[in-house]
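Mind the numbering: the sequence shown is residues 1 to 382 in UniProt numbering, read in order. Virtual Cβ for every residue (Gly too), placed ideally from N, Cα, C. Below is one structure, written out as structure tokens, with a few remarks after it.
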Amino acid sequence: MQMLELAENYGPLSVHWFDGIGPASAQKWKGTPKRVATLLRKKHPHIMLNPRGGFPGDFKTTEKRVGAFNRDQPWETCATITTAGWIYRDEEIVVRPFRELLEQLIYSIGRDGNYLLNIGPRADGTIDPKHAERLLEIGGWLKENGEAVYGTRGGPYTAAPWGASTCKDKTFYAFITDPSIGELSLPPIDTKVQGVRMLAGGKARFKQDSDGIHLSISKEQNRKAATVIAIAIDLPALELPLVAGQISLALNKTVTASSTLKEDEEEYGPVKAIDSDPNSYWEADQSEKECWIEIDLGQPKWVGHAMLAQSSEWCPLNSFEILYKKDGQWVSAIKRVGKAPGDPAVLSFTPFQSRYVKVLFSKRAVRLNLCDLQLFAPHTQK
Numbered sequence: 001m002q003m004l005e006l007a008e009n010y011g012p013l014s015v016h017w018f019d020g021i022g023p024a025s026a027q028k029w030k031g032t033p034k035r036v037a038t039l040l041r042k043k044h045p046h047i048m049l050n051p052r053g054g055f056p057g058d059f060k061t062t063e064k065r066v067g068a069f070n071r072d073q074p075w076e077t078c079a080t081i082t083t084a085g086w087i088y089r090d091e092e093i094v095v096r097p098f099r100e101l102l103e104q105l106i107y108s109i110g111r112d113g114n115y116l117l118n119i120g121p122r123a124d125g126t127i128d129p130k131h132a133e134r135l136l137e138i139g140g141w142l143k144e145n146g147e148a149v150y151g152t153r154g155g156p157y158t159a160a161p162w163g164a165s166t167c168k169d170k171t172f173y174a175f176i177t178d179p180s181i182g183e184l185s186l187p188p189i190d191t192k193v194q195g196v197r198m199l200a201g202g203k204a205r206f207k208q209d210s211d212g213i214h215l216s217i218s219k220e221q222n223r224k225a226a227t228v229i230a231i232a233i234d235l236p237a238l239e240l241p242l243v244a245g246q247i248s249l250a251l252n253k254t255v256t257a258s259s260t261l262k263e264d265e266e267e268y269g270p271v272k273a274i275d276s277d278p279n280s281y282w283e284a285d286q287s288e289k290e291c292w293i294e295i296d297l298g299q300p301k302w303v304g305h306a307m308l309a310q311s312s313e314w315c316p317l318n319s320f321e322i323l324y325k326k327d328g329q330w331v332s333a334i335k336r337v338g339k340a341p342g343d344p345a346v347l348s349f350t351p352f353q354s355r356y357v358k359v360l361f362s363k364r365a366v367r368l369n370l371c372d373l374q375l376f377a378p379h380t381q382k
């Protein structure tokens, strides 16, 4: 009855978001999820349904963590504005920092996804002033840079430690999230640059040669928040082949894992985590409570950043540690414990030099899979 009330008394509904009915519990509900989905689609033919109602849904959603680049299927990052979770709480509210929220937004759209930000209203429907303050900050940034957000697609450069890109028509947009960057060199791309401009004001310069596109801005212009540069080109940007924003050190390297689901290396082997394909993934055997994946870089390399992405919201990357081998011993580079609401898309740590890098997963969910594992050299700051 409640679903019928929502479907008939409110609308038009563009999205209906379910939660809590995963693959393991869907059978307990028998035919109810399918009937509910049919009802909503009948009342609202253009409605989008997420995949947490006991049926596949129209899009994927990764919780509190940015998913991998994927143009093949619609997806979103769902996140909370506070560290407390999805509901309003009377105790002291810790609102997540502006830059943290902004970077989640940027890496979501840069990977061709959407960004859903949850605000828990008070009992009377009003918004907490701390929430409102943060929303106004984001709105102020969007007022200047929304051209690069609304109506765009991810690419043509895939996300990297420096930031991400979006595109529409004959323009693509470079989002520079690292405030230390004054010059950025993008890899070569099969189009001619016509000009560049900064969306929030200021001047940018460019040079294009056989080595790529070289952008220059003053560091002073890149210190308040993410800087966005519009790059006009001579071809429709969405038609360009995707180009890696920065080559992963792990690409095409030797990789091993503690286990593989069903011992099926061809379908679920660890190489699937480093092949830059969002539709393939490594999955560990479900009997393992701790599992790991290890990359042999071939020779000692400097590593300063990493990006990890899961393939499903039902396989969260909760607690993990990135380690490197030094003098025959494993040394920790960075450790994440629990499903933090602000886990960044890019993990940055004190640079190390090593041939061997391992990611150790603990306190795992029922399943553990990984569709994207990239390692990057440290920035060269200019």
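Starting from residue i, trace the alpha helix (DSSP H) both ways and give me its first and last residue.
{"i": "residue 229", "result": "No alpha helix (DSSP H) holds residue 229; the beta strand (DSSP E) holding it covers 227–233."}
{"i": "residue 129", "result": "129–145"}
{"i": "residue 98", "result": "98–110"}
{"i": "residue 34", "result": "32–43"}
{"i": "residue 267", "result": "265–268"}
Between the C-alpha atoms of residue i and residue j, what's the straight-line distance to the nearest angstrom?
{"i": "residue 346", "j": "residue 231", "result": "24 Å"}
{"i": "residue 71", "j": "residue 242", "result": "11 Å"}
{"i": "residue 60", "j": "residue 7", "result": "22 Å"}
{"i": "residue 310", "j": "residue 214", "result": "32 Å"}
{"i": "residue 320", "j": "residue 330", "result": "14 Å"}
{"i": "residue 11", "j": "residue 57", "result": "19 Å"}
{"i": "residue 87", "j": "residue 376", "result": "36 Å"}
{"i": "residue 29", "j": "residue 35", "result": "11 Å"}
{"i": "residue 308", "j": "residue 254", "result": "17 Å"}
{"i": "residue 95", "j": "residue 77", "result": "18 Å"}
{"i": "residue 182", "j": "residue 354", "result": "28 Å"}
{"i": "residue 225", "j": "residue 99", "result": "7 Å"}
{"i": "residue 187", "j": "residue 246", "result": "7 Å"}
{"i": "residue 325", "j": "residue 264", "result": "28 Å"}
{"i": "residue 381", "j": "residue 162", "result": "Model confidence at residue 381 stands at a pLDDT of 44, short of 50, so the residue's coordinates are unreliable and nothing is read from them."}
{"i": "residue 85", "j": "residue 298", "result": "42 Å"}
{"i": "residue 49", "j": "residue 378", "result": "40 Å"}
{"i": "residue 3", "j": "residue 261", "result": "38 Å"}
Do residue j and residue i count as a contact pair if the criterion is CB distance below 8 Å?
{"i": "residue 250", "j": "residue 373", "result": "yes"}
{"i": "residue 166", "j": "residue 154", "result": "yes"}
{"i": "residue 356", "j": "residue 290", "result": "no"}
{"i": "residue 93", "j": "residue 128", "result": "yes"}
{"i": "residue 47", "j": "residue 33", "result": "no"}
{"i": "residue 212", "j": "residue 185", "result": "yes"}
{"i": "residue 101", "j": "residue 117", "result": "yes"}
{"i": "residue 237", "j": "residue 368", "result": "no"}
{"i": "residue 39", "j": "residue 16", "result": "no"}
{"i": "residue 37", "j": "residue 53", "result": "yes"}
{"i": "residue 106", "j": "residue 81", "result": "no"}
{"i": "residue 323", "j": "residue 301", "result": "no"}
Among the options, which one has its Cα closest to the Cα of residue i?
{"i": "residue 305", "options": "237, 139, 84 and 159", "result": "159"}
{"i": "residue 228", "options": "176, 203 and 279", "result": "176"}
{"i": "residue 268", "options": "121, 371, 3 and 103", "result": "371"}
{"i": "residue 67", "options": "86, 42, 110 and 28", "result": "110"}
{"i": "residue 112", "options": "120, 74, 85 and 78", "result": "74"}
{"i": "residue 83", "options": "126, 131, 77 and 76", "result": "131"}
{"i": "residue 272", "options": "282, 263 and 264", "result": "282"}
{"i": "residue 336", "options": "41, 301, 361 and 31", "result": "361"}
{"i": "residue 217", "options": "179, 37, 246 and 298", "result": "179"}
{"i": "residue 277", "options": "252, 256 and 301", "result": "252"}
{"i": "residue 258", "options": "324, 288 and 138", "result": "288"}
{"i": "residue 244", "options": "138, 270, 266 and 275", "result": "275"}
{"i": "residue 114", "options": "143, 144, 152 and 136", "result": "152"}
{"i": "residue 169", "options": "327, 240 and 89", "result": "240"}
{"i": "residue 62", "options": "328, 260, 292 and 104", "result": "104"}
{"i": "residue 189", "options": "9, 122, 203 and 157", "result": "157"}
{"i": "residue 45", "options": "31, 51, 18 and 14", "result": "14"}
{"i": "residue 5", "options": "43, 19 and 18", "result": "43"}
{"i": "residue 51", "options": "31, 89, 19 and 64", "result": "19"}
{"i": "residue 292", "options": "256, 334, 164 and 261", "result": "256"}
{"i": "residue 138", "options": "303, 164, 97 and 126", "result": "97"}
{"i": "residue 69", "options": "141, 89, 108 and 55", "result": "108"}
{"i": "residue 391", "options": "358, 344 and 359", "result": "For residue 391 there is no data in the structure shown, the boundaries of the chain being 1 and 382."}
Taking residue i as part of the beta strand (DSSP E), name the residues at either end of that continuous run.
{"i": "residue 374", "result": "372–376"}
{"i": "residue 118", "result": "114–118"}
{"i": "residue 4", "result": "No beta strand (DSSP E) holds residue 4; the alpha helix (DSSP H) holding it covers 2–9."}
{"i": "residue 76", "result": "75–80"}
{"i": "residue 356", "result": "347–362"}
{"i": "residue 300", "result": "291–309"}
{"i": "residue 325", "result": "319–326"}
### Query
Can at least three beta-carbon pairs, one atom from the stretch 347–361 and one from the stretch 226–241, be found at a separation below 8 Å?
Taking 8 Å as the limit for Cβ pairs, the verdict is that the stretch 226–241 does not touch the stretch 347–361.
### Query
Would you call the stretch 186–200 and the stretch 140–154 touching, i.e. three or more CB-CB distances under 8 Å?
Segments in contact, yes.
### Query
Per the contact definition of three or more C-beta pairs closer than 8 Å, is the stretch 181–193 in contact with the stretch 205–214?
Judged by Cβ distances under 8 Å, the stretch 205–214 makes contact with the stretch 181–193, as three or more pairs qualify.
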